[in-house]
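Asker: The structure that follows is given in the form of structure tokens.
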Amino acid sequence: MGGGSGNSGKSQRDEEFSLETLAGLSRVSERTIRYYITRGLLAGPVRGGRGAFYTAEHLKRLHEIREQQQRGLTLTAIERLATAVEVEERLPEPETWLSYKMAPDLVVQVRCGTSPWRVRQVRSALERLAKEFLEK
Amino acid sequence: MGDTQTTHGFVPTNQATGKALDLSMQTLWLTGQVLGVGARLWVRHEFESQESKPVEVIYSFVLPRDASLRRFHVSGTDFSVDSELRPTEEAHKIYEAGIQAGSLSTLAREYGDGLVNLSLGNLRPKEKVVVLLEILAGVELHDDGLRLRFPFTLAPSYHAQARGMEVSPGRLELELPADEFGDLILPPFERDGGQLHRVGFCLDVQAESGIQEIASPSHGLRVQFSDSHGSQVSLSRESDLPDRDLVLDVRTKTAGPWAMGGLAGEGMARFAAVIPSTEFGRVSDSPRRLVILLDRSGSMQGLPLTQAKKAIAACLGALDAKDLFGLVAFDNKAELFKRELSEGSTENRWAAREFLDRIASRGGTELASGVDAAASLLQDKQGDILILTDGQVFGTDKILERARATNMRIHCLGIGSASQDRFLAQLARHTGGVCRFLTPRERVDLPAVELFASIGRPMGKDVAVTVEGASKLKIAPEPSRFVFSGTPLLVYGEFLPVEDARLSVQWLGAEGKSHFEFPIRLSETSWGGTLKLLQGACIISDSESRLEGAGSRTAVARRETARVHERLLELSREYGLASSAMSLVAVVKRAGDVPGEITKTRIVPVGIPSELEHFQGAGLMFAASCLMKLETAAEQLPAEAIKASSLFAFLSSPVRRSKSATEEVAPDETKEDLLVALAGMMEPDGGMPGETEEARIGNSIVALLYFMREGNTSSSGPFRIHVERLLQYLNSNRLSTLSRANAEAATRTLKGLVAGVSPAGDWHRHAERLAKAKMVDLHVFWRELTVAVNA
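Here it is as structure tokens:
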């Protein structure tokens, strides 16, 4: 099992926790942690077998789960929320960008849908830039 | 424990497809002995994993009433090991160390409300493991026998901080707050029992006074009488679904007092004595002060609420004008009929009925606030509370604490699954009341009337028990100070063995101070050891109910919790039984154990009692009430999160929120319905209603004839109070107002009834007309009665 919380001088973020230590720090039992891992609510340990250990990320996630439970969410609800966030992270919504070819080797892109004053500001800056390029 | 192991060669299959079910736990089989005061049970759990990697299987169940775990035995192909009893913290560490080492680890740990997690870790692929768990359990005692209830199911129950949702059609998820229930894992609640493990039972039933009858309202039985004192009872089918609890009724041949005892090691004799209420003389006729508390929560929806309301109407009929009564309906809040106790006058009883008619099911089961409201009506003076509830609540320790603080006797009529039996039995016992528990398939109103007849007027009070001629006597748990009609007094104790020990009981009854004695016979058998275990289970169960969850707020409460915890440690060690302070653990080291593997967790789903379907979707009602927390949470969550998860969509589903169409549907009219209807009509002076004195007398005789024809007398039967009051009403002065011929027929009828002879006639027809039209055809009735008494 990995190192324990100990007094290694490392910050908690860099530490490697055993399952027992993670359980003690999070006040969530080892059995429950295994249950969360099975349900996909919590990532499994870093490395497998005897060298398995947990990190501050695991601890943070356990605190998040506890906080969501206190807000009235069941584990399934938390699971679905996590899945929804993951889906969002994996597949961001498509966006439209305006592409300004400033020179054969230079393209500036501006996201479509920005406010008119911002578009005007950007256009003005691009015009100045284009002029500078042409003058050179 | 080897002699109790039985193999059962059936394989759970999906009823629809006929294919074998892929389950982590395949069967649960109940064996053991049912004795006169309790049961010594062995529950066999068979586990087999179909997965490709080791798994940790968690099975959850609730203990029956007055029950404790004693030990378990784990066996597999080439191993066999018994559990050890260790303080829970230590047991937990042993279990976790076993898991880390890759060994087969088993832990049976009890949480609040008698909920137990049986965890089996590192079950290998295709490995078969049997866990045989011994449980000591109490029974519901009656003067003429007992009722055993064993939970094969787990009912989802109300808790204000519970989180719950219907995760897929017919499957409920429920979680309880960790600060109160620790790391308890509740199972998925499955509506379709066909997808679950199989259950069965085979029990030896023994009764000192001989067995008259064995029956079950829950399961088909096969009964084999071995001798006059014992029988073997088993499930008539090969196996069954875990969709309802086992309820076993045993009626004994004689109803006299009896005691059983024996040596229990340590040089002490242990005994249990059962003294029927009939030994305590007659009921006094002093006025009663009582409050009826009706659970109107969502889970009571449908027939139970309809029946409970009818039962209360019948109970009101048994009130005397001098009695004072209150009526409270509760769910999340309590609704009072009146803010003070009312006299049992005709007007008040009619007003109470109108109040009842308006009561519909809704909300959660905030029993504690209901009890508080009922107690406030009694204003700290002596009185009784009768609760009609399904008891579907978690976090019962707080309710018990509040109930004890009211200093009122609380009587419970439970309507529900066995998982609530434990709580309601404690609620009654801790307050000096009595408890009856019914399945929703049974009638509620008759037992309610029966219970109502016995409460308010104890047959004996200030009951004191001792054993004459015994030294080092210890009687525990403390016997009830009150004895009510129909419920015997149960006494457990120990003393240094002597030959002529006599149990002595003193009490204050209707005839003043009374006393009787009878001998305690010590046998050479192993009774002493068994009685010690049953006694221990009862004491531990009582102590546990005083253990608040870890979330106790005040320093005083925390100190009290620590004190009770220490006491539980002592008791567990003394009696060799598990409790919430001590757990059972076993670790089996096998060849090829791989340390450090993280196993997959598999939670064994449990069946929702099928009676809840009988309640027309109470499970969903429950889920909806529980999900009020989720609705609140939904308001707090970012809108996109809710949209993204589409988690709360079903909350707005009209199906989920619709009320059951059966809410107001009454059962078909039966003779029991007729009895309840007649009882509900009774006037405060004990007579039936009528437009003239002659009509009232005629109607009263019709009701009396019908009550007595159905087996009720002034001293027995659920309508004994009604019979007694009708007889008082029909006194000679009143009969003298009749015509001479009718007076003579009435007098002769009453004399015959008192002597146990009923005139032959179709009194059912007249009673039916009385219940429906509120009057009988007097001309026809008197003519038929005259013919009958002259025959």
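Chains A and B, in that order, are what the protein sequence lines are.
If you count by my numbering, then the first sequence holds residues 1 to 136, one letter each, in order.
If you count by my numbering, then the second sequence holds residues 1001 to 1791, one letter each, in order.
Idealized CB from N, CA, C, for every residue including glycine.
According to the Cβ coordinates, are phenylalanine 1330 of chain B and alanine 1373 of chain B closer than 8 Å?
Answerer: By one-based count along the second sequence, residue 1330 of chain B stands at place 330. By one-based count along the second sequence, residue 1373 of chain B stands at place 373. Cβ distance < 8 Å, so phenylalanine 1330 of chain B and alanine 1373 of chain B count as in contact.
Asker: List the whole-angstrom C-beta distance separating valine 107 of chain A from lysine 101 of chain A, where the pair is believed to meet the contact cut-off of C-beta under 8 Å.
Answerer: As a working note, residue 107 of chain A is residue 107 in the first sequence. As a working note, residue 101 of chain A is residue 101 in the first sequence. Rounded, the Cβ-Cβ distance is 5 Å, consistent with contact.
Asker: Please name the residues in the stretch 1145-1177 of chain B whose beta-carbon is closer than 7 Å to at least one beta-carbon of chain A, in chain order.
Answerer: From the stretch 1145-1177 of chain B, only Arg1163, Gly1164, Met1165, Val1167, Glu1173 and Glu1175 have a Cβ closer than 7 Å to chain A.
Asker: Under the three-state reduction of DSSP, which class applies to proline 116 of chain A: helix, strand or coil?
Answerer: As a first step, residue 116 of chain A must be located in the first sequence, where it is residue number 116. Helix.
Asker: With C-beta atoms as the reference, is valine 1274 of chain B less than 8 Å away from glycine 1036 of chain B?
Answerer: Here residue 1274 of chain B is taken as the residue at index 274 of the second sequence, counted from 1. Here residue 1036 of chain B is taken as the residue at index 36 of the second sequence, counted from 1. In contact: valine 1274 of chain B and glycine 1036 of chain B (Cβ atoms closer than 8 Å).
Asker: If you draw a straight line from the C-alpha of leucine 1305 of chain B to the C-alpha of alanine 1160 of chain B, how long is it?
Answerer: Within the second sequence, numbered from 1, the residue matching residue 1305 of chain B stands at position 305. Within the second sequence, numbered from 1, the residue matching residue 1160 of chain B stands at position 160. The straight-line gap from Cα to Cα measures roughly 22 Å.
Asker: What whole-angstrom Cβ distance do alanine 1311 of chain B and leucine 1246 of chain B have, given they're in contact under 8 Å?
Answerer: Locating residue 1311 of chain B in the second sequence gives position 311, where the first residue counts as 1. Locating residue 1246 of chain B in the second sequence gives position 246, where the first residue counts as 1. Actually they are not in contact, since the Cβ atoms of alanine 1311 of chain B and leucine 1246 of chain B sit about 25 Å apart, beyond 8 Å.
Asker: Determine the direct distance from the alpha carbon of phenylalanine 1437 of chain B to that of threonine 1692 of chain B, and round the result to whole angstroms.
Answerer: In the second sequence, counting from the first residue as 1, residue 1692 of chain B sits at position 692. In the second sequence, counting from the first residue as 1, residue 1437 of chain B sits at position 437. So the alpha carbons of these two residues sit roughly 42 Å apart.
Asker: Would you verify that the beta carbon of glycine 4 of chain A is, or is not, closer than 8 Å to some beta carbon of chain B?
Answerer: Within the first sequence, residue 4 of chain A is the residue found at index 4, counting from 1. For glycine 4 of chain A, the predicted model reports a pLDDT of 41, less than 50, meaning its position is unreliable; a value from the coordinates is still stated below. Answer no: the Cβ-Cβ gap between glycine 4 of chain A and chain B never drops below 8 Å.
Asker: Just to confirm the assignment, what range does the alpha helix (DSSP H) spanning histidine 1142 of chain B have?
Answerer: In the second sequence, residue 1142 of chain B corresponds to position 142, counting from 1. No alpha helix (DSSP H) holds histidine 1142 of chain B; the beta strand (DSSP E) holding it covers 1140-1142.
Asker: Quick one: is asparagine 1731 of chain B buried, meaning 16 or more other Cβ sit within 10 Å of its Cβ, or exposed?
Answerer: Here residue 1731 of chain B is taken as the residue at index 731 of the second sequence, counted from 1. The residue is exposed, with fewer than 16 neighbouring Cβ atoms inside 10 Å.
Asker: Note down, in chain order, every chain A residue with its Cβ under 9 Å from the Cβ of lysine 1600 of chain B.
Answerer: Within the second sequence, the letter at position 600 stands for residue 1600 of chain B. Correct list: Arg34, Ile37 and Thr38.
Asker: Which word fits cysteine 1315 of chain B, buried or exposed, when buried means at least 16 other C-beta atoms lie within 10 angstroms of its C-beta?
Answerer: As a first step, residue 1315 of chain B must be located in the second sequence, where it is residue number 315. Classification for cysteine 1315 of chain B: buried.
Asker: Keeping to the same chain, check which residues put their C-beta closer than 7 Å to that of alanine 23 of chain A; ignore five residues upstream and five downstream.
Answerer: In the first sequence, counting from the first residue as 1, residue 23 of chain A sits at position 23. Excluding sequence neighbours, alanine 23 of chain A sits near Ser29, Glu30 and Ile33.
Asker: Ignore the nearest five residues each way along the sequence and tell me which others in alanine 1428 of chain B's own chain have a CB closer than 8 Å to its CB.
Answerer: On the second sequence, position 428 is the one that residue 1428 of chain B refers to. Within the same chain, alanine 1428 of chain B has close Cβ partners Ile1410, His1411, Cys1412, Val1434 and Cys1435.
Asker: Can you say whether proline 1595 of chain B is buried or exposed, counting buried as having 16 or more other CB atoms within 10 angstroms of its CB?
Answerer: On the second sequence, position 595 is the one that residue 1595 of chain B refers to. Under this definition proline 1595 of chain B is an exposed residue.
Asker: Between which two residues does the beta strand (DSSP E) carrying histidine 1515 of chain B extend?
Answerer: Start at 1 with the first residue of the second sequence, and residue 1515 of chain B comes out as number 515. Residues 1512-1519.
Asker: In angstroms, rounded to a whole number, what distance separates the CA positions of phenylalanine 1325 of chain B and aspartate 1685 of chain B?
Answerer: Within the second sequence, residue 1325 of chain B is the residue found at index 325, counting from 1. Within the second sequence, residue 1685 of chain B is the residue found at index 685, counting from 1. Going from the Cα of phenylalanine 1325 of chain B to the Cα of aspartate 1685 of chain B covers about 16 Å.
Asker: Name the chain A residues that come within less than 7 Å of proline 1595 of chain B, Cβ to Cβ?
Answerer: Sequence index remark: in the second sequence, residue 1595 of chain B carries index 595 (1-based). Result: Arg50.
Asker: Taking valine 1444 of chain B and alanine 1586 of chain B to be in contact with their CB atoms under 8 Å, please state how far apart those CB atoms are, rounded to whole angstroms.
Answerer: For the purposes of this step, residue 1444 of chain B is identified with residue 444 of the second sequence, where counting begins at 1. For the purposes of this step, residue 1586 of chain B is identified with residue 586 of the second sequence, where counting begins at 1. In fact, because the Cβ distance is near 43 Å, the residues do not count as touching under 8 Å.
Asker: What does the alpha-carbon distance come out to for the pair leucine 1533 of chain B and alanine 1578 of chain B?
Answerer: Here residue 1533 of chain B corresponds to residue number 533 of the second sequence, with the count starting at 1. Here residue 1578 of chain B corresponds to residue number 578 of the second sequence, with the count starting at 1. Distance between the alpha carbons of leucine 1533 of chain B and alanine 1578 of chain B is about 11 Å.
Asker: Excluding the 5 residues preceding and the 5 following leucine 1793 of chain B in the sequence, name in chain order all residues of the same chain whose CB lies nearer than 6 Å to its CB.
Answerer: It is not possible to answer for residue 1793 of chain B, since the shown part of chain B is limited to 1001 through 1791.
Asker: If you draw a straight line from the alpha carbon of glycine 1680 of chain B to that of glutamate 1524 of chain B, how long is it in whole angstroms?
Answerer: The residue given as residue 1680 of chain B occupies position 680 in the second sequence. The residue given as residue 1524 of chain B occupies position 524 in the second sequence. Cα-Cα distance, rounded: 53 Å.
Asker: So which residues on chain A does isoleucine 1837 of chain B lean against when the C-beta distance must stay under 9 Å?
Answerer: Shown here, chain B extends from 1001 to 1791; a query on residue 1837 of chain B therefore has no answer.
Asker: Please state if the CB of isoleucine 1135 of chain B and the CB of leucine 1041 of chain B are separated by a distance shorter than 8 Å.
Answerer: Working through the second sequence from its first residue, we reach residue 1041 of chain B at position 41. Working through the second sequence from its first residue, we reach residue 1135 of chain B at position 135. Yes, they are a contact pair.
Asker: Measure the Cβ-Cβ separation of lysine 1128 of chain B and threonine 1088 of chain B and say whether it is below 8 Å.
Answerer: What you label residue 1128 of chain B is simply residue 128 of the second sequence in a count that begins at 1. What you label residue 1088 of chain B is simply residue 88 of the second sequence in a count that begins at 1. No, the pair does not count as a contact, with Cβ atoms beyond the cut-off.
Asker: Quick one, which of B:Arg1124, B:Glu1784 and B:Met1708 has its alpha-carbon nearest serine 1052 of chain B's?
Answerer: Reading the second sequence from its first residue, position 52 is the one you call residue 1052 of chain B. Nearest of B:Arg1124, B:Glu1784 and B:Met1708 to serine 1052 of chain B, Cα basis: B:Arg1124.
Asker: Taking the beta carbon of valine 1789 of chain B as the centre, do at least 16 other beta carbons fall within 10 Å, making it buried, or is it exposed?
Answerer: Residue numbering aside, residue 1789 of chain B sits at position 789 when the second sequence is read from its first letter. Buried.
Asker: Give the list of continuous alpha helix (DSSP H) stretches no shorter than 4 residues that lie fully inside the stretch 1716-1781 of chain B.
Answerer: Complete alpha helix (DSSP H) runs here, min 4: 1720-1729, 1732-1735, 1740-1754 and 1763-1773.
Asker: Note down, in chain order, every chain A residue with its Cβ under 9 Å from the Cβ of isoleucine 1094 of chain B.
Answerer: For the purposes of this step, residue 1094 of chain B is identified with residue 94 of the second sequence, where counting begins at 1. Result: empty, since nearest Cβ-Cβ is about 12 Å, beyond 9 Å.
Asker: Kindly list, in the order they appear in chain B, the residues whose Cβ is closer than 9 Å to that of serine 29 of chain A.
Answerer: Walking along the first sequence from the start, residue 29 of chain A turns up at place 29. Per Cβ cutoff of 9 Å: His1092, Glu1096, Gly1182 and Asp1183.
Asker: What is the DSSP secondary structure of leucine 81 of chain A, reduced to helix, strand or coil?
Answerer: Within the first sequence, numbered from 1, the residue matching residue 81 of chain A stands at position 81. Correct three-state label for leucine 81 of chain A: helix.
Asker: Quick one: using the 10 Å Cβ neighbour count with 16 as the cut-off for buried, is serine 1218 of chain B buried or exposed?
Answerer: Taking the first residue of the second sequence as position 1, residue 1218 of chain B is located at position 218. Buried, by the Cβ-count rule.
Asker: Where in the stretch 1265-1339 of chain B do unbroken runs of the alpha helix (DSSP H), each at least 4 residues long, occur, reported from the N-terminal end onward?
Answerer: If we require 4 residues or more, the alpha helix (DSSP H) runs fully inside the stretch 1265-1339 of chain B come out as 1303-1317.
Asker: 8 Å is my cut-off, CB to CB: does glutamate 16 of chain A come that close to chain B?
Answerer: On the first sequence, position 16 is the one that residue 16 of chain A refers to. No, glutamate 16 of chain A lies away from the interface with chain B (no Cβ there is under 8 Å from its Cβ).
Asker: Is there a Cβ from chain B that is less than 8 Å from the Cβ of threonine 55 of chain A?
Answerer: Within the first sequence, residue 55 of chain A is the residue found at index 55, counting from 1. Chain B, which has no Cβ nearer than 8 Å to the Cβ of threonine 55 of chain A, makes this no.
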